[in-house]
Amino acid sequence: VTESKAGIAVNNNAAGVLLTLAAIAGEKQVKNQVIVSRGESVEIGGGFRIPDVMRQSGATLVEVGTTNRTYSSDYESAINSETAAILKVHPSNFVVDGFTHAPELKEIVAVGKRHGVPVLNDLGSGCLIDTRKYGLKQEPQVQSSISNGATLTLFSGDKLIGGPQAGLIAGEQKWIDLVSKHPLARAVRIDKVALSAISATLVSYLTGTHEKEIPIWTMIALSESNLADRSENWRSKTGTGTIERSRSTIGGGSLPGQTLPTSVLSIDPAGKIEDFVRALRESPVAVVARIENNRVILDPRTVLPDQDDAVIEAIKFALNKSE
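Shown next, in the form of structure tokens:
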């Protein structure tokens, strides 16, 4: 799937980063400095920050460049006899716009090769398909990271991959062997059920059935006409609301700021709006709506097609309870 020669799965991507850094640049290693762009020294969610993860691994953080602009020459200038690796971190849960610059991965790889320094590429949410097909901006693909020469590529098994929570490390065999033999690998290993689930998820990409079998891609791939028909079906069967054009946010710690066009059911409940959305949550099948401009918004893109009947019943339940 990734076109890499080897790989290992752990229980989440943060664990993968910690394990990789400990194995390559831990305090017991002769070389333990890891170079990171200052603009990529990020918080990856849940309060876990790259500098903190690096500190726990025993590696020494060496920041280069500035928050908004870093060049390949910055990495090259920082390399010395203590440099163990270069770490590139994709900002998968935020965007910095304006006066910015970051070197392409292949430029960083070229610097690493000139000095015999491995390049670790943390893609965060990870992606195995071209997101431009769905009208989204191009998200870095795992395959591109491998083909552009990253020594190891790290990414999540959930989020855009769409499997269970997991961390995946793909790359060159000798480096995968080094990581997998580190004592910490046992502590962060993935359990058998999750391993089976992530394997099945990856197989769906191989067979080209990911749009049918992986919920996030099923939702992203839904056509505007499908969404319009379904929201109208919700309206006609509940006898409430109006159909409005809106935008679906991808969310889930990936594709920050990107949205897709959709048609939503917009409801102006007779009673208090807070009571109506609470009733939706308290229905036999809980439904979580969002509130915009004092109206309850239900977006069919966030609901799998075979769950439509449950949404319709939840709306009826909330209408009856709020009367």
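Residues 1 to 323, numbered by my numbering, are exactly what the sequence shown covers, in order. All C-beta atoms, glycine included, are put in the ideal place defined by N, C-alpha and C.
query: Residue 100 (DSSP reduced to helix, strand or coil); result: coil
query: Element boundaries [alpha helix (DSSP H), containing residue 160]; result: That residue, residue 160, is in no alpha helix (DSSP H); it is neither H nor E in DSSP.
query: Secondary structure of residue 28, DSSP reduced to three states; result: coil
query: Residue 152 versus 192, 118 and 321, residue with shortest Cα-Cα distance; result: 118
query: Residue burial classification, residue 300 (beta-carbon count within 10 angstroms, cutoff 16); result: buried
query: Per DSSP, the bridge partner or partners of residue 246; result: 262
query: Own chain residues within Cβ distance below 7 Å of residue 218, not counting five before or after; result: 211, 212 and 304
query: Among 184, 150 and 178, the one whose alpha carbon lies nearest that of residue 171; result: 150
query: Stretch-stretch touch, CB-based, cutoff 8 Å, three pairs: the stretch 182 to 189 with the stretch 30 to 38; result: no
query: Euclidean distance between Cα positions of residue 226 and residue 220; result: 12 Å
query: Residue 111: first and last residue of the uninterrupted alpha helix (DSSP H) it sits in; result: 105 to 115
query: As assigned by DSSP and simplified to three states, the class of residue 313; result: helix
query: Every unbroken beta strand (DSSP E) within the stretch 161 to 227, with a cutoff of 3 residues, ordered by chain; result: 167 to 171
query: Meets three-Cβ-pair contact criterion under 8 Å: the stretch 53 to 61 and the stretch 14 to 25; result: yes
query: Beta-carbon separation (whole angstroms), residue 123 vs residue 17, contact threshold 8 Å; result: Wrong, their Cβ atoms sit about 11 Å apart, outside the cutoff.
query: Buried/exposed call for residue 173, threshold 16 Cβ in 10 Å; result: exposed
query: At least 3 beta-carbon pairs within less than 8 Å: the stretch 102 to 121 vs the stretch 270 to 281; result: no
query: Bridge-paired residues (DSSP) for residue 296; result: 267 and 291
query: Beta-carbon proximity of residue 3 to residue 146, cut-off 7 Å; result: yes
query: Nearest-angstrom Cα separation, counted from residue 8 out to residue 66; result: 33 Å
query: Distance CB(residue 75)-CB(residue 111) smaller than 7 Å; result: yes
query: Selected residue, minimal CA-CA separation from residue 260, among 289, 40, 236 and 216; result: 216
query: Separation of residue 166 from residue 11, as counted between CA atoms; result: 4 Å
query: Whole runs of the beta strand (DSSP E) within the stretch 27 to 78, excluding any shorter than 3 residues; result: 33 to 37 and 60 to 64
query: Of the listed residues 143, 138, 15 and 200, nearest to residue 164 (C-alpha basis); result: 200
query: Buried versus exposed, by CB contacts within 10 Å (16 or more), residue 141; result: buried
query: Residue 240 in three-state terms, based on DSSP; result: coil
query: Beta-carbon proximity list for residue 71, same chain, < 8 Å, skipping 5 on both sides; result: 65, 101 and 103
query: Residues sharing a beta bridge with residue 154, DSSP; result: 122 and 169
query: Distance between beta carbons of residue 243 and residue 231, contact taken as under 8 Å; result: 5 Å
query: CA nearest to the CA of residue 47, picked from 132, 20 and 14; result: 14
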